[in-house]
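Notes follow the structure.
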Amino acid sequence: AEGFAVDAVRKDFPILGDFVYLDSAAMSFSPEPVVAAHLEFEHRYRANVGRGVHRFTRIATQRYWHAHEKVARFIGGDAGVTVFTKNTTEAINMVAQGLCWKPGDRVITTILEHHSNLLPWRALARQGVALDVIGINEDYSLDLAALEDAITDTTRLVAVTHASNAIGVVTPVEEIARICRDRGVLLLVDAAQSVPHMPVDIGRLGCDFLCFSGHKMLGPTGTGVLWMREAIIEPSLLGGGMIETVTEDAYVPAEGYGRYEAGTPNVAGGIGLGVAVDYLEAIGMEKIRRHEERLTTRLIEGLSAIDGVRVYAPKDPASRIGVVSFNVENIHPHEVAQYLDEEAEILVRSGYHCCQPLMEYLGLPDGTVRASLSLYTTEQEIDLLIAAVGEIARGR
Ligand code: PMP
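Residues 227 to 622, numbered by this note's numbering, are exactly what the sequence shown covers, in order.
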């Protein structure tokens, strides 16, 4: 019924043990093939990329380049430019700083955003760029009508999350993309919480920029991706590796991703990210999505049934990911999380989830407790969390 054998999958994750890990939205674990790829790099061919001709650099260059191809194919983005970054934050900042802004330009974002998809746009105020922040409805869905209304002739870009890392709601990105295309506005999608958990296809989404993190999709830390339909931004970093030719007073930037990856990149990380993509594809994103959807429903239903527990989640299973925020009446979220760790060996996140404006908007001054799932999460783990939260609520 799982669609794939979770127990077999769990054997690939050497870190898994006698604890329940429900913080994959902050960071996922890496399976053995990803770890092995790093070791192989260190033990067999560690070298810089795109520099020189010796055998190690040839292997490293080929694999690093191939990893870009794998990631591009994974998101259906072969036709665009796939740049490796440190993380989602860097990817979003590269776009915010790389577009050529004029005073009076406007950017639209939403109240759902992670600070990383808010602060880079807010900082553009220095260049005279104004920011409009769109709210959400009672059911946590994005206020699409308000977004449409907010677009003016001077709106240049809409920056929206595909799935909220705080309350798990999925946004109607395809519809937003249609609106943006009609109005000649660029669309950036923060896919940090969608790419690891559901099939994401650029061809269907129709955005201009897609940003996500490798460390949330089984990849190494310090890896992320900026996909662009076209290379329309200026590189924020200049230097080695990003040029075709340099003369005394000019340079010709490299074609493709190279232009945006100045300096020695995270070679092992990039190669590892390619292996993470192989791993996800071998299981299948549809299957992963169904597995997580089923467990998410089980978790929301279980927690909602507990007296004194309030769950903040969209009702429609198709409009939510495996990120479930909740609170226990009269107990601080950090206290709940600490109890879960110390008394039940359950690791969850607590606090604002880097979404402080959203927490304020929802009237949650202390934030929430957040359980987030992954492909290696089991039904039994969900039940352990429900039971432990039940204990806390009864003792309140
Ligand atoms: N956006 C969303 C939706 C996220 O969940 C996160 C990570 N919590 C980020 C952006 C930032 O990602 P990173 O820390 O990898 O830059």
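Note that beta-carbon positions come from the ideal geometry of N, C-alpha and C, so glycine has one too.
In this text, all values refer to a predicted model and were calculated from it rather than measured experimentally.
Query                                                                                                                                                                             : Result
Measuring only the C-alpha atoms, how far is Gly-482 from Ala-234?                                                                                                                : 39 Å
Got a sec, what are the start and stop residues for the beta strand (DSSP E) Asn-553 sits in?                                                                                     : 549-554
Taking 8 Å as the threshold, find out whether the region 307-322 comes into contact with the region 442-460 through three or more Cβ pairs.                                       : yes
May I ask you to check if the CB of Gln-419 is nearer than 7 Å to at least one heavy atom of the ligand PMP?                                                                      : yes
Going by beta carbon distance, what residues of the same chain come within less than 7 Å of Glu-605, once the five residues before and after it are set aside?                    : Leu-521 and Arg-524
Identify the continuous alpha helix (DSSP H) that holds Ala-286 and give its terminal residues.                                                                                   : 281-300
Which of the three DSSP states, helix, strand or coil, is assigned to Asp-249?                                                                                                    : strand
Since Pro-479 is in the alpha helix (DSSP H), which residue starts that stretch and which ends it?                                                                                : Note, Pro-479: premise wrong, no alpha helix (DSSP H); beta strand (DSSP E) at 477-479.
With DSSP as the reference, identify every bridge partner of Ala-263, one or two as the case may be.                                                                              : For Ala-263, which the question treats as bridged, DSSP gives no partner whatsoever.
Just curious, the beta strand (DSSP E) that Trp-453 is in, first and last residue?                                                                                                : 450-454
Which two residues bound the contiguous beta strand (DSSP E) that contains Glu-470?                                                                                               : 469-472
Rank Pro-422, Gly-278 and Thr-473 by C-alpha distance to the C-alpha of Ser-600 and give the top, closest one.                                                                    : Pro-422
Identify the continuous alpha helix (DSSP H) that holds Val-321 and give its terminal residues.                                                                                   : 314-324
Please determine if the region 578-586 and the region 408-422 are in contact, where contact requires at least 3 C-beta pairs separated by less than 8 Å.                          : no
Tell me whether His-423 counts as near the ligand ATP, meaning its Cβ is closer than 7 Å to at least one heavy atom of that ligand.                                               : With respect to small molecules bound, the structure shown includes the ligand PMP and not the ligand ATP.
Short check: CB of Pro-559 to CB of Val-595, under 8 Å?                                                                                                                           : yes
In this structure, does DSSP put Arg-382 in helix, strand or coil?                                                                                                                : strand
Label Phe-649 either buried or exposed according to how many other C-beta atoms from any shown protein chain fall within 10 Å of its C-beta, with 16 as the threshold for buried. : Residue 649 is absent from the model: the chain starts at 227 and stops at 622.
Pull up the distance between the alpha-carbon of Thr-283 and that of Met-468, whole angstroms please.                                                                             : 17 Å
Per DSSP, which residues does Ala-389 bridge with? Please list them.                                                                                                              : Val-396
Val-550 and Gly-394 - do their beta-carbons sit closer together than 8 Å?                                                                                                         : yes
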